[in-house]
Amino acid sequence: MDVKQVKRKVLLLGDGAVGKTSLIKKFVTDKFDDKYITTIGTKITKKDLRFQTPDGEMVLTMMIWDILGQKGYKSLQSSSYRGAEGTVIVCDLTREDTLHSMTEYWIPELRKITGEIPMVFVGNKCDLKDEHQISEDELAGTAQQYGSQSFISSAKTGENVEMIFNALGVKVIDDKFPVSTGPAPVEKEEITDLIGVTDHIINEFCDAFGDWETAMAMVRQQFSMAGVDVKSPEKQALLKAVERLADLENGFRDDFTVKSTLARRKRLIEQHR
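472 is the number of the first residue of the sequence shown in my numbering; add one for each residue after it.
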């Protein structure tokens with residue numbers, strides 16, 4: 472019997488520093504790194520999972536999108552949500568506010584774009600038992616409100632990491648969770664500060680380039696070299712970054728568009744704080 476192959480786009484959502492990137496790294500490479508590096512924009516990783524179904528063996532290629540956990544990047548985050556078919560929503564068991572963010576920010580913003588899709592709730596850093604502010608029961612109660620499973624995990628020890636992704640894998644290949652027929656349009660966010668400016672610049676560059684995965688890698692590199700801190704961007708670093716992005720855009724946009732776009736981005740940066 473032929474092995475059926477399917478591909479699904481899934482997201483990891485949650486506040487910054489809850490351990491999303493570490494969970495993905497542990498799942499995909501079985502390695503842990505306790506250095507915290509802010510995810511700039513989105514980063515896409517893939518891994519194949521095998522499942523036995525009533526119709527035979529199935530190989531699921533899980534495209535895992537690690538989404539920037541900084542609030543305020545709504546345009547970028549909304550663009551990343553398009554086409555998603557499942558999500559792992561992560562909180563940090565040592566920070567009570569990260570549980571509230573699940574229901575107050577991440578799920579409402581996600582559902583504006585995707586509607587209801589399968590979700591798995593995760594409380595990470597279960598190895599730091601003496602520092603917990605969120606109980607396993609509190610996490611489970613939140614998940615139950617959405618008819619979802621919950622797990623406590625540790626990217627450091629690997630506890631339940633495989634189980635989390637396998638549980639989501641079962642849900643996204645299950646026929647009772649129909650794939651969305653199409654994403655809702657992404658609403659433009661009003662730009663009110665430098666985070667909004669940074670959000671706009673990243674989104675605009677990636678849209679113009681077309682291939683989001685490649686474009687985001689380019690943005691990460693240029694932002695890093697320019698010294699941009701996405702949690703608290705500063706004007707001088709952003710001005711350096713847009714110059715660097717303009718150099719790249721010379722490769723796929725005409726000269727007039729590149730120059731006018733650069734001038735407009737610089738005005739936006741100067742107008743906000």
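Backbone N, C-alpha and C fix where the C-beta goes; we use that ideal spot for every residue, glycine too.
Contact belief for residue i with residue j at Cβ below 8 Å, rounded distance in angstroms
| i | j | result |
| --- | --- | --- |
| Asn595 | Val641 | Actually they are not in contact, since the Cβ atoms of Asn595 and Val641 sit about 21 Å apart, beyond 8 Å. |
| Ala697 | Ala712 | 4 Å |
| Ser621 | Cys597 | About 12 Å; that fails the 8 Å criterion. |
| Lys737 | Leu710 | 6 Å |
Straight-line Cα distance separating residue j from residue i
| i | j | result |
| --- | --- | --- |
| Lys600 | Lys706 | 40 Å |
| Lys545 | Phe676 | 15 Å |
| Met687 | Gly612 | 36 Å |
| Val530 | Lys518 | 10 Å |
| Asn637 | Leu482 | 14 Å |
| Leu739 | Pro579 | 28 Å |
| Ile457 | Lys542 | Any answer about residue 457 is impossible in this case: the structure gives the chain only from 472 up to 744. |
| Thr565 | Asp501 | 23 Å |
| Val701 | Trp536 | 18 Å |
Residue i, DSSP secondary structure in three states
| i | result |
| --- | --- |
| Ser551 | helix |
| Gln476 | strand |
| Phe723 | coil |
| Pro654 | Annotation note: pLDDT 42 at Pro654 (below 50); position unreliable, coordinate value reported separately. Here Pro654 sits in coil by DSSP. |
| Cys677 | helix |
| Gln604 | coil |
| Gly485 | coil |
| Gly557 | strand |
| Thr732 | helix |
| Asp568 | helix |
Buried or exposed (CB count within 10 angstroms, at least 16 for buried), residue i
| i | result |
| --- | --- |
| Lys491 | buried |
| Thr513 | buried |
| Gln742 | exposed |
| Ala734 | exposed |
| Glu556 | buried |
| Arg744 | exposed |
| Gln693 | buried |
Range of the contiguous beta strand (DSSP E) that encloses residue i
| i | result |
| --- | --- |
| Asn595 | Met590 to Asn595 |
| Ile535 | Gly527 to Ile538 |
| Gln620 | Gln620 to Ile623 |
Boundaries of the alpha helix (DSSP H) in which residue i is found, first to last residue
| i | result |
| --- | --- |
| Asp519 | Counting along the chain, Asp519 falls outside any alpha helix (DSSP H), though it belongs to the beta strand (DSSP E) covering Thr513 to Thr524. |
Chain B contact for residue i (CB, 7 Å cutoff)
| i | result |
| --- | --- |
| Thr628 | The structure shown contains no chain B; it holds only a single protein chain. |
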